[in-house]
């Protein structure tokens with residue numbers, strides 16, 4: 001699976017588990033909601049700095065983020 | 101630690117464990133040697149696509165890549 005799509009699906013999955021909206025994740029991660037939306041839909045080749053911001057916002061460590069069948 | 105620096109140190113650490121040069125890693129990862137050098141020195145906000153190429157080149161899964169005291 002394309003890594004951009006896998007990362008997007010994982011972010012959406014974790015966001016839903018945390019029961020927060022894209023808006024709330026954008027706010028916590030200090031990123032734009034439309035950016036979060038495009039990342040979740042596999043349309044962004046996200047940078048490590050932004051990925052770290054999102055994983056911090058989702059309260060998940062990077063190794064746990066990637067410890068999933070998607071990767 | 102700045103995530104760019106941590107990622108760079110981890111790549112260098114794994115590359116040395118695998119006993120390959122930056123040149124060899126660049127070739128396997130289909131990236132430029134000078135890019136590998138700048139990533140290892142924390143000067144690049146690497147994208148997930150390029151990070152995946154490098155982890156494939158290092159024969160390490162992304163969760164194992166981030167499963168380190170650096171992160």
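Residue numbers (the working numbering), protein chains in the order written: chain A, 1 to 71; chain B, 101 to 171. No residue lacks a Cβ here, since even glycine has one placed at the ideal position from N, Cα and C.
Original post:
In this structure, what does DSSP give as the bridge partners for residue 47 (chain A)?
Top reply: Along the first chain, one-based indexing puts residue 47 (chain A) at 47. Paired residues: B:147.
Original post:
If you run the structure through DSSP and keep just helix, strand and coil, what is residue 18 (chain A)?
Top reply: Here residue 18 (chain A) refers to the residue found at position 18 when the first chain is read from its first residue. DSSP places residue 18 (chain A) in coil when its eight states are reduced to three.
**OP:** Establish whether the CB of residue 104 (chain B) and some CB of chain A are separated by less than 8 Å.
**Re:** Looking up residue 104 (chain B) in the second chain gives position 4. So, interface residue.
**OP:** Starting from residue 30 (chain A), trace the alpha helix (DSSP H) both ways and give me its first and last residue.
**Re:** For the purposes of this step, residue 30 (chain A) is identified with residue 30 of the first chain, where counting begins at 1. Run containing residue 30 (chain A): none; DSSP gives neither H nor E here.
Original post:
Does the region 148-167 of chain B touch the region 61-69 of chain A, meaning 3 or more C-beta pairs lie closer than 8 Å?
Top reply: yes
**OP:** Report the neighbours of residue 145 (chain B) on chain A: residues whose CB is nearer than 8 Å to its CB, in chain order.
**Re:** The count along the second chain starts at 1 and reaches residue 145 (chain B) at position 45. In chain order: 47, 48 and 49.
Original post:
How would you list, in chain order, the residues of chain B whose beta-carbon sits under 7 Å from the beta-carbon of residue 63 (chain A)?
Top reply: On the first chain, residue 63 (chain A) is found 63 positions in, with the first residue counted as 1. Under the 7 Å cutoff, chain B gives 163, 166, 167 and 171.
Original post:
If you run the structure through DSSP and keep just helix, strand and coil, what is residue 12 (chain A)?
Top reply: Along the first chain, read from residue 1 onward, the residue named residue 12 (chain A) stands at position 12. Residue 12 (chain A) falls in the helix class under three-state DSSP.
Subject >> Nearest-angstrom Cβ-Cβ length linking residue 153 (chain B) and residue 123 (chain B), presumed shorter than 8 Å >> reply: The residue you call residue 153 (chain B) lines up with position 53 of the second chain. The residue you call residue 123 (chain B) lines up with position 23 of the second chain. That belief does not hold up - the Cβ atoms of residue 153 (chain B) and residue 123 (chain B) are roughly 15 Å apart, past 8 Å.
Original post:
Buried or exposed: which applies to residue 143 (chain B), given that a residue is buried once 16 or more other Cβ atoms fall within 10 Å of its Cβ?
Top reply: As a first step, residue 143 (chain B) must be located in the second chain, where it is residue number 43. Exposed, because fewer than 16 other Cβ atoms sit within 10 Å of the Cβ of residue 143 (chain B).
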